[in-house]
Amino acid sequence: MKNNKIVIYIGILVVGVLLGWLLFGGSSNEEIDHNHDAVAATNQMWTCSMHPQIMQPEPGDCPICGMDLIPAESGSDGLLADQFKLTENAMALANIQTTVVGKGNVDGNTLKLSGKIAENEEANAVQVSYFSGRIERLNISFTGEEVRKGQLLATIYSPELYAAQQELITASSLKESQPALYKAVRNKLKLWKLSENQINQIEETQKIKENFPVYATVSGTVTEKLVEQGDYIKQGQPLLKIANLNTVWANFDVYENQIDLFKKGQEVLVTTNAYANKEFKGKVDFIEPILNTKTRTVTLRVVLNNKNDVFKPGMFVTANIERVSRSNDEVLTIPASAVLWTGERSVVYLKTNPDQTVFEMREVVLGNQIGNEYEVVEGLFVGNEIVTNGTFTVDAAAQLQGKKSMMNKQGGKTMTGHEGHLGMDNNLKNESDHTYMNERLKVSGKFQEQLKEVYYDYINLKDALVKEDSKGSSKNATTLLSNLGKIDMKLLKDEAHNHWMSLIDEIKSSTTSIAGSQDIKTQRNHFKHLSSHLIKAVQIFGVKEKVYVEFCPMADNNNGAYWLSKEEKVINPYFGEAMLTCGEVKQVIE
């Protein structure tokens with residue numbers, strides 16, 4: 000009986016344990032699952048629809064605009080870390096175009112250079128006076144006047160020459176007894192460039208001439224008057240600069256990585272805007288042996304025939320020159336419009352999938368520029384598809400999405416300007432892909448017209464910098480500030496209002512600095528920052544006309560700088576006459 004009871008007790012215990020596990024084990028799992036949901040809920044981040052850089056662990060108000068925060072999306076878009084996507088609408092608005100990279104034989108390709116006409120220094124002459132005195136009459140009235148060899152240029156009264164004539168008259172009466180003295184006096188007059196006929200006339204007439212003529216020793220064009228009528232001059236003093244313009248020099252800047260593509264004797268075809276449909280032949284006459292350390296260029300000189308007076312000194316010209324062949328191997332080439340420079344790096348944007356508008360930045364090593372293309376030494380392969388139009392817009396989108404970009408080598412979110420007011424650390428993120436660089440915002444035409452006035456003031460400021468007119472730059476900056484203050488911000492709402500607010504302070508700051516300075520270098524430095532922010536404004540809102548975004552890689556100590564222009568022709572505001580045509584169009588904003 001006892002054994003039976005023991006068996007019964009053990010059976011009851013086992014059944015009890017089993018029932019307990021069945022009843023409470025499931026609830027335990029449910030509790031665990033419930034706790035996982037709670038953890039997931041606590042990991043939910045909240046953001047602002049207008050300022051997605053704001054990330055907070057709980058709901059509340061946006062510290063910038065006060066709007067209610069919304070749950071941040073946690074899903075993955077399936078892109079790699081350095082990739083980003085643009086909408087089809089954004090691609091169309093920015094006119095972003097791509098090209099498939101292929102190999103091309105560069106032998107025989109033509110290089111295009113920009114340059115300026117200058118006087119042929121070998122044919123120049125300086126007309127001097129061979130005796131001292133006072134200019135009684137100057138027969139040259141203005142610079143640019145044509146003179147012929149033997150033409151009377153001036154009449155000079157010279158006390159020294161007056162005394163020398165008296166010596167000649169006296170010596171002529173003693174020439175039989177003192178022939179050496181007579182000869183010495185005649186030679187003295189010859190040193191002062193008196194002709195044999197003039198000396199003989201003085202001797203025969205026994206009359207002293209008070210004023211003596213100065214005749215042109217060469218034919219040409221007067222390029223500079225160095226004296227005026229009534230001036231006292233010394234022996235050997237220059238009177239006029241005369242240039243023979245039957246031939247002229249065309250001087251072109253060649254970058255140091257292009258030097259080995261040229262040699263003396265190469266044939267050159269020169270064109271100029273003054274005669275758009277004509278080509279003029281010449282040959283490379285000289286390649287400067289010393290590099291200009293400021294511009295990193297050497298001067299290539301072409302001598303041009305100018306007997307028909309086609310070329311004027313100072314005129315801009317373009318040269319088409321066939322490059323010197325270095326090898327017959329094919330090289331990889333890409334359009335120049337595809338490349339962005341930082342001063343140290345060259346980057347392009349690669350379209351990673353032919354069926355999707357997904358891009359990523361790619362650093363490249365470039366060789367020589369050949370026409371409108373660059374040789375690619377490293378970084379790309381045949382078949383790669385790259386952005387060739389709208390590259391600047393794509394780069395801006397990469398920056399704002401925290402991806403690798405021209406100025407952000409490592410990637411990651413960058414500061415927008417609001418963060419400094421918040422005093423936060425890990426919660427700070429930049430604007431993401433709903434930002435202004437992806438799609439133009441729709442705003443009223445009246446606002447666009449007001450922004451256009453500011454844009455026109457900017458163009459006037461740019462033109463003053465081109466002319467190196469610091470006073471004009473300051474004046475135009477002041478006008479820009481005035482029109483900037485007249486913009487009615489009530490015309491903007493929601494996202495457009497927020498974007499304008501993020502730009503206007505920076506535009507004001509840079510413009511104020513330009514207006515308050517008379518130093519052209521300081522003005523150009525602030526102009527770079529003004530251009531950066533105004534480019535964004537024009538991209539976001541538009542000004543109802545075509546605007547060109549242009550870039551010079553050598554500006555800002557080879558860091559590169561952008562500016563806006565009303566015309567496609569590059570006129571560089573960062574260098575003026577020194578490098579007027581340095582740069583190229585990077586984007587066209589319609």
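The opening residue of the sequence shown carries number 0 in numbering that gives the first Met the number 0; numbering runs sequentially from there.
Every residue gets a Cβ at the ideal spot worked out from N, C-alpha and C, and that includes glycine.
- The straight-line gap separating the alpha-carbon atoms of Gln586 and Asn388 is approximately 7 Å.
- The region 441 to 457 makes contact with the region 528 to 545: 3 or more CB pairs, one atom from each, lie closer than 8 Å.
- About 6 Å separates the Cβ atoms of Phe358 and Phe83, confirming a contact at the 8 Å cut-off.
- Residue Val184 holds the alpha-carbon nearest to the alpha-carbon of Ser171 among Val184, Tyr161, Glu159 and Val127.
- Across the set Leu464, Ser469 and Gln398, the C-alpha of Leu464 shows the shortest separation from the C-alpha of Met578.
- According to the DSSP assignment, Ile289 belongs to no beta strand (DSSP E), since it is labelled neither H nor E.
- Asn210 places its beta carbon less than 8 Å from that of Ile155.
- Restricting attention to Val253, Pro56, Glu377 and Leu303, the CA atom closest to the CA of Thr580 is found in Val253.
- Rounded to the nearest whole angstrom, the C-alpha separation of Leu303 and Val247 is 5 Å.
- One Cα belongs to Phe315, the other to Lys492, and the distance between them is close to 48 Å.
- For His528, same chain residues with a beta-carbon under 6 Å away, outside a window of 5 residues either side, are Ser509 in chain order.
- Rounded to the nearest angstrom, the gap between the Cα atoms of Lys262 and Gly444 is 56 Å.
- At a Cβ-Cβ threshold of 8 Å, Thr98 and Pro334 count as neighbours.
- According to the DSSP secondary-structure assignment, Thr246 is paired through a beta bridge with Asn304.
- Cβ atoms of Ser473 and Ser501 stay farther apart than 8 Å, at about 26 Å.
- For Asp67, the secondary structure class from DSSP, reduced to helix, strand or coil, is strand.
- Taking a cut-off of 8 Å on C-beta distances, the region 286 to 298 does not touch the region 218 to 236, as fewer than three cross pairs fall below it.
- Secondary structure note for Pro178: its alpha helix (DSSP H) is the uninterrupted segment Pro178 to Leu190.
- Your pair Gly366 and Glu374 checks out as a contact, with CB atoms roughly 3 Å apart and the cut at 8 Å.
- Under the rule that a run must span 4 or more residues, the alpha helix (DSSP H) segments found entirely inside the region 461 to 501 read 469 to 484.
- The three-state secondary structure of Met360, taken from DSSP, is strand.
- With respect to the C-alpha of Glu448, the residue from Leu193, Tyr214, Asn482 and Glu144 having the closest C-alpha is Asn482.
- Bridge partners of Lys350 according to DSSP: Phe358 and Glu384.
- Judged by DSSP secondary structure, Glu374 falls outside any alpha helix (DSSP H) and instead within the beta strand (DSSP E) spanning Glu372 to Glu377.
- Under the DSSP assignment, Ser171 falls in the alpha helix (DSSP H) whose first and last residues are Pro158 to Ser171.
- Glu144 carries a coil assignment under DSSP once its states are collapsed to helix, strand and coil.
- For Thr271, DSSP records a beta bridge to Tyr274 and Val316.
- The beta carbons of Ile503 and Glu467 sit no closer together than 8 Å.
- Taking Phe130 as reference, the option from Glu120, Ala179 and Trp191 with the minimal CA-CA separation is Trp191.
- With a contact defined as Cβ atoms closer than 8 Å, Val386 and Ile95 qualify at about 6 Å.
- Ser564 sits in a strand when the DSSP states are folded into three classes.
- Non-local C-beta neighbours of Ala93 in its own chain, meaning closer than 6 Å and more than five positions away in sequence, comprise Gly389 and Thr392, ordered along the chain.
- For Arg133, the enclosing beta strand (DSSP E) covers residues Gly132 to Leu137.
- Residue Ser469 holds the alpha-carbon nearest to the alpha-carbon of Thr521 among Val546, Ser469, Ser531 and Ser530.
- Check the Cα spacing between Ala80 and each of Ile570, Lys403 and Trp562: the tightest is with Lys403.
- DSSP places Thr521 inside the alpha helix (DSSP H), whose first and last residues are Ile519 to Phe540.
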